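>
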Amino acid sequence: MAVEFSEAAKQEFAEILNHYPTKEAAMLPTLHLAKREFGQISPEVMTYISQLLDLHVTRVANVVSFYTLFPREPEGKYVIQVCSTLSCQLMGAETVVDHIKKKLAIDVGETTPDKKFTLKKVECLGSCGTAPVMQINDDYYEQLTVEKIDKILDSLE
Amino acid sequence: MSELYFLKNRGNPESKTIDFYLAHGGYEALKKTLKSFEPNDVIEEVKKSGLRGRGGAGFPTGLKWSFVPQDNPNPKYLVCNADESEPGTFKDRYIIEHEPHMLIEGMIISSYAIRSHLAYIYIRGEFVQGARILEEALAEAREKGFLGKNILGSGYDLDIYVHRGGGAYICGEETGLLESLEGKRGWPRLKPPFPAVVGLFKSPTIINNVETLANVPLIMERGGDWYSQLGPNPKNAGIKLYCVSGHVNRPGLFEFEMGMNLKELIYEHAGGIYKGHQLKGVIPGGSSTPVLRPDEIDVSMDYDSLAAIGTMFGSAGTIVMDETTCMVDALYNLERFYAHESCGQCTPCREGTMWMVKLLRRLEHGEGTVEDVDLLADIAGNIMGRTICPLGDAAAMPAKSFVQKFRDEFIEHAKQHKCPVKKDKSIKVTDANA
Ligand SMILES: Cc1cc2nc3c(=O)[nH]c(=O)nc-3n(C[C@H](O)[C@H](O)[C@H](O)COP(=O)(O)O)c2cc1C
Ligand code: SF4
Ligand code: FES
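Protein chains in written order, with our numbering: chain H, 11 to 167; chain L, 171 to 604.
(1) Report yes if the C-beta distance between V452 (chain L) and L432 (chain L) is below 8 Å; otherwise report no.
(2) Applying a beta-carbon distance threshold of less than 8 Å, which residues of chain H neighbour F507 (chain L)?
(3) Please list, following the chain, all residues that have a C-beta closer than 6 Å to any non-hydrogen atom of ligand 2.
(4) Interface residues of chain L around Y77 (chain H) at Cβ under 9 Å?
(5) Answer yes or no: does any C-beta atom of chain L fall closer than 8 Å to that of S209 (chain H)?
(6) Cβ of S206 (chain L) less than 8 Å from any chain H Cβ?
(7) Is it true that the segment 425-441 of chain L meets the segment 545-563 of chain L, where meeting means three or more beta-carbon pairs spaced less than 8 Å apart?
(8) In chain order, what residues of the same chain lie with their CB nearer than 7 Å to the CB of P402 (chain L), ignoring the 5 residues before and after it?
(9) Cβ-heavy atom distance between S485 (chain L) and ligand 3 below 7 Å?
(10) Note down, in chain order, each residue of its chain lying with its Cβ closer than 6 Å to the Cβ of H447 (chain L), except the 5 sequence neighbours on either side.
(11) Can you pull the chain L neighbours of Q61 (chain H), defined as C-beta to C-beta under 8 Å?
(12) How many Å lie between K33 (chain H) and D64 (chain H) at the Cα?
(13) Return the first residue and the last residue of the beta strand (DSSP E) that E427 (chain L) is part of.
(14) As a quick exercise: from L:G484, L:A307 and L:H268, pick the residue whose alpha carbon is nearest that of Y331 (chain L).
(15) List the whole-angstrom C-beta distance separating R157 (chain L) from V73 (chain H), where the pair is believed to meet the contact cut-off of C-beta under 8 Å.
(16) Taking the alpha-carbon of T459 (chain L) as reference, which of L:W396, L:A565 and L:I377 has the nearest alpha-carbon?
(17) Does the beta carbon of A141 (chain H) fall short of 7 Å from some heavy atom of ligand 3?
(18) Since I believe R285 (chain L) is in contact with K246 (chain L) (beta carbons under 8 Å), could you give me their beta-carbon distance rounded to a whole number of angstroms?
(19) Can you name the residues of chain L whose CB is closer than 7 Å to the CB of Q9 (chain H)?
(20) Closer than 7 Å: is that where the CB of S97 (chain H) sits relative to any heavy atom of ligand 3?
(21) Taking the Cβ atom as the reference point for each residue, do L100 (chain H) and G416 (chain L) lie within a distance shorter than 8 Å?
(22) How far does the alpha helix (DSSP H) with D164 (chain H) in it extend, from its first residue to its last?
(23) Shorter than 8 Å from the beta carbon of Q574 (chain L) to some beta carbon of chain A?
(24) Confirm the yes/no value for this check: CB of A103 (chain H), any heavy atom of ligand 5, distance under 7 Å.
(25) Please list the residues of the segment 299-328 of chain L that have a C-beta atom closer than 8 Å to any C-beta atom in chain H, keeping them in chain order.
(26) Suppose you measure from the CA of L449 (chain L) to the CA of C496 (chain L); what does that come to, to the nearest Å?
(27) Cβ closer than 9 Å: which chain L residues qualify as neighbours of V67 (chain H)?
(28) In chain order, what residues of the same chain lie with their CB nearer than 7 Å to the CB of E152 (chain H), ignoring the 5 residues before and after it?
(29) Taking the CB atoms as reference points, tell me whether A486 (chain L) and C413 (chain L) lie closer together than 8 Å.
(30) Would you mind reading off the limits of the beta strand (DSSP E) that contains R359 (chain L)?
(31) Tell me whether the segment 363-376 of chain L and the segment 319-327 of chain L touch, counting them as touching only if at least three CB pairs, one residue from each stretch, are closer than 8 Å.
(32) Distance, Cα to Cα, E184 (chain L) vs H194 (chain L)?
(33) DSSP three-state label for P31 (chain H), please.
(34) Whose Cβ in chain L lies nearer than 7 Å to the Cβ of A141 (chain H)?
(35) Report the three-state DSSP secondary structure of T57 (chain H) (helix, strand or coil).
(36) Compare the Cα-Cα distances from L41 (chain H) to each of H:H66, H:P31 and H:A71 and report the closest residue.
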């Protein structure tokens with residue numbers, strides 16, 4: 011199945027190219043754009059990006075596999091990333107994860123059957139002073155408590 | 171300095187707008203610089219200030235800038251390191267989200283100093299809001315004529331672009347960052363050549379931390395001599411953001427002159443140990459820096475004082491651990507981080523971190539032996555100094571220091587065949603100010 015950017019994304023891509031002296035340097039911004047457009051970086055998406063950037067597809071695949079933010083498979087509508095590094099662990103991150111696991115009846119790395127939530131444990135989110143912390147899609151949620159988590163998850167449509 | 175610089179507008183949602191920034195003296199330092207300073211004079215001023223890099227290594231900023239070869243015909247680049255991912259560190263995010271113009275003004279002056287016409291802000295991919303705020307602030311600055319062609323009629327041109335990372339701690343290491351910015355895996359490069367000579371797109375490149383660059387307007391406004399008077403001595407000069415996380419009553423971000431006493435920082439400013447518990451250990455400068463025992467924390471938080479007691483100022487990310495912390499478990503957590511973040515290029519780092527994780531898991535689960543404790547220190551010793559980039563050392567230093575300073579606790583795990591610590595995994599509610 012061939013994929014293609016929307017017109018708006020094509021324009022954004024053209025603008026991205028203006029920021030760099032080489033096409034290859036547009037790799038990460040293009041991957042971010044593709045994730046927004048397609049929700050995942052599937053093999054088809056990698057092929058498309060390799061054509062856009064005039065690179066061999068293995069170059070793209072090699073980069074995609076190195077980073078954590080470019081999922082190769084579809085994820086839930088809301089991706090919950092709970093920080094599990096030291097400052098958050100000290101402040102109760104394990105309890106946060108356990109609570110979400112129970113609430114959504116999924117394990118870490120899984121997606122709910124209705125494809126609404128994916129749960130992940132991640133490394134330090136750079137917000138250790140307000141631990142425990144999680145990120146859902148683009149947003150940070152800090153100083154979590156069980157009540158707060160319930161409220162946040164229940165409010166997501 | 172009695173008044174605050176970075177945190178003066180804390181709590182004011184307007185602080186990120188250019189109108190607010192301009193109304194409070196913003197971009198005056200840039201105007202002054204472009205009007206009365208040659209690029210080399212800016213470098214001299216920053217050298218005089220004593221400013222040292224706030225990203226972790228503390229290298230003198232002006233001196234680094236002076237390494238850019240001006241006879242090199244290639245373009246010069248300035249790259250702002252906004253990857254902020256050293257566990258325990260959360261200072262750059264504040265500047266990015268609340269004082270983006272401080273950073274942008276600092277970047278324009280710094281680019282001018284090294285004669286760069288194209289600069290990038292490499293921001294960790296998770297900081298989506300931060301990237302948006304920076305994009306908006308850059309657009310505002312362009313509109314006011316602080317960016318683009320012929321800035322303020324000076325004849326100087328500069329563009330700055332935001333570049334979002336893909337989620338990888340190693341891209342905070344400066345050469346890993348450059349590889350990533352070029353569209354590749356963030357695999358650190360062998361040094362030399364140093365980036366100041368061969369950096370981004372094979373051209374001379376200066377990489378500086380967000381906080382480093384955001385100091386530059388203040389230095390140009392008040393002068394290098396004035397700045398160098400702040401702090402305990404000219405080698406550890408200036409103002410500093412301190413991050414405190416972990417078991418304290420009031421974690422968060424604090425601003426003081428360089429040289430804040432660590433004990434005072436924890437007990438007075440951060441509100442003391444959580445719920446009056448006993449202190450067990452302190453990681454002073456971000457997860458890579460060697461841990462301190464409670465009897466070692468009456469120390470000035472600056473580069474040289476912390477080095478003198480065998481640890482590091484690093485990124486000023488202080489992590490506090492109370493009596494409910496198991497030191498084996500804490501180290502296990504950190505080594506999982508390093509094993510996950512090792513880029514895998516060097517065998518000692520890739521294999522060493524993996525083995526440390528295995529040994530720590532064994533010890534924590536009561537399956538380890540006394541020999542394992544020494545083996546752990548041994549592996550750490552074998553990583554040190556044998557890798558391409560400092561991540562190897564960053565993984566080894568905590569291991570060495572935890573085993574050295576909390577040896578009894580490690581041995582008890584082996585002897586009792588279980589974790590002897592009453593751990594507290596509950597969610598802790600604090601009065602955080604960040
Ligand atoms: C593994 C590793 C991770 C690093 N992460 C960061 C980071 O997130 N932010 C940062 O500014 N510097 C980081 N550094 C330090 C940079 O390599 C570099 O020294 C710094 O950006 C230079 O800027 P400065 O001179 O202004 O401190 C890291 C270094 C290592 C070895
Ligand atoms: S020390 Fe580790 S992170 Fe650094 S280059 Fe080697 S393998 Fe990669
Ligand atoms: S340890 Fe969780 S945000 Fe840093």
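Positions of the beta carbon are idealized from the N, C-alpha and C atoms, including for glycine. As the structure is a computational prediction, the values presented were derived from the model and not from experiment.
To lay it out plainly:
(1) Going by C-beta atoms, V452 (chain L) is nearer than 8 Å to L432 (chain L).
(2) Here the neighbours are T95, L96, E133 and C134.
(3) This selection yields L:I340, L:P358, L:S512, L:C513, L:G514, L:Q515, L:C516, L:C519, L:R520, L:T557, L:I558, L:C559, L:L561 and L:G562.
(4) Close to Y77 (chain H), with beta-carbon spacing below 9 Å, are these residues of chain L in chain order: G295, G335, G336, G337, A338, C341, S350, R355 and G356.
(5) Since the first residue shown for chain H is 11 and the last is 167, residue 209 (chain H) is missing from the structure and cannot be characterised.
(6) For S206 (chain L), the answer is no, since every Cβ of chain H falls outside 8 Å of its Cβ.
(7) At 8 Å Cβ cutoff, the stretches do not touch.
(8) Contacts found: M428, G429, S470 and D472.
(9) For ligand 3, not one heavy atom lies less than 7 Å from the Cβ of S485 (chain L).
(10) The answer, listed in chain order, is D492 and E493.
(11) None at all; the shortest Cβ gap to chain L is about 15 Å.
(12) Spanning the two alpha carbons is a distance of roughly 8 Å.
(13) Per DSSP, E427 (chain L) belongs to the beta strand (DSSP E) from G422 to E427.
(14) When only C-alpha atoms are compared, the closest one is L:A307.
(15) For chain L, the structure presents residues 171 to 604; residue 157 (chain L) sits outside this window and is missing.
(16) Answer by Cα proximity: L:A565.
(17) Because some heavy atom of ligand 3 lies under 7 Å away, the Cβ of A141 (chain H) counts as near it: yes.
(18) Indeed they touch by this definition, with Cβ atoms about 6 Å apart.
(19) Nothing can be reported for residue 9 (chain H): it is not among the residues displayed for chain H, which extend from 11 to 167.
(20) It does: the Cβ of S97 (chain H) is within 7 Å (strictly closer) of some heavy atom of ligand 3.
(21) Taking 8 Å as the Cβ cut-off, L100 (chain H) and G416 (chain L) qualify as a contacting pair.
(22) D164 (chain H) -> alpha helix (DSSP H) spans V156 to S165.
(23) The chain inventory of the structure shown lacks chain A, comprising the protein chains H and L.
(24) Ligand 5 is not part of the structure shown, which contains ligand 1, ligand 2 and ligand 3 as its ligands.
(25) Result list: Q299.
(26) Spanning the two alpha carbons is a distance of roughly 12 Å.
(27) Those within 9 Å of V67 (chain H) in chain L number zero; the least Cβ separation is about 14 Å.
(28) Within the same chain, S137, T140 and V143 come within 7 Å of E152 (chain H) by CB-CB distance, once the 5 residues on both sides are set aside.
(29) With a cutoff of 8 Å on beta-carbon distance, A486 (chain L) and C413 (chain L) are scored as near each other.
(30) Per DSSP, R359 (chain L) lies in no beta strand (DSSP E) and is assigned neither H nor E.
(31) The segment 363-376 of chain L, when compared against the segment 319-327 of chain L, does not touch it at the 8 Å Cβ threshold.
(32) C-alpha separation (whole angstroms): 12 Å.
(33) In this structure, P31 (chain H) counts as coil in the three-state DSSP scheme.
(34) Ordered by position in chain L, the residues that pass the 7 Å Cβ test against A141 (chain H) are S415.
(35) Helix.
(36) The shortest C-alpha separation from L41 (chain H) is found at H:A71.
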